[in-house]
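Each residue of the sequence shown is one higher than the one before, starting from 7 at the first, in this note's numbering.
For glycine and all other residues, C-beta sits at the position ideal for the given N, C-alpha and C.
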Amino acid sequence: MRIGFASDIHRLVYGRKLMLAGVDAPFSLGELAHSDGDVVYHAVAESILGALGIGDLGTHFPDSDPKTEGMNSAIIVDYVYKRMDKMGYEINNIDVSIYLEEPKLKSYKETMRSNIAKLLHTDIKNVSVKAGTNESLDAVGQRIAVKADSIVLLKQK
Ligand SMILES: [Zn+2]
């Protein structure tokens, strides 16, 4: 068994999509990022890299690389899945928390779980997605950022 954790945060700006685990959530603000800014996929991918002990997201997908410009972050999760698979591990379970004041994510949670499960080739019951606000405190609470935490447990195949 190997455990990994990661946290990601992006600034929210006008004129960008709000991408959350592959869901394009209708909202006036979206993540500012070099890629599509999917804060959930970034946290998920980096927690797995952490569990495998093979560096962080920036090592594998540098911001300076023009190839990653506007990139669909599902590609990042797929890449990390393949690394994990090659190293002989699979998901035991993964637990994600999203911190965002608006919009309410209740109606997207199942789609987010399913998107993550598919990309990681695991059963949806092994994927947890939780969402909450930061009660108007800090950058998330001030609606200038969206944050996600991911913790994952891998097991040998
Ligand atoms: Zn990110």
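Query raised in the report: Since Glu-107 contacts Val-146 with CB under 8 Å, what's their CB separation in whole angstroms?
Result: 7 Å
Requested in this report: Please confirm whether Met-90 and Ile-130 have their CB atoms less than 8 Å apart.
Outcome: no
Requested in this report: Grab the span of the beta strand (DSSP E) containing Asp-155 for me, first residue to last.
Outcome: 151–162
Query - Distance CB(Ala-51)-CB(Val-102) smaller than 8 Å - result: no
Query raised in the report: How big is the Cα-Cα spacing for Gly-56 and Lys-136?
Result: 21 Å
Report task. Confirm, please, whether the CB-CB distance from Lys-163 to Gly-7 is below 8 Å. Result -> Per the sequence shown, residue 7 should be read as Met rather than Gly. No; because the gap between Cβ atoms is not below 8 Å, this pair is not in contact.
Requested in this report: Buried or exposed for Gly-43, please, with buried defined as at least 16 other CB atoms from any protein chain shown within 10 angstroms of its CB.
Outcome: buried
**Report entry** Buried/exposed call for His-127, threshold 16 Cβ in 10 Å
**Finding:** Around the beta-carbon of His-127, fewer than 16 other beta-carbon atoms lie within 10 Å, marking it exposed.
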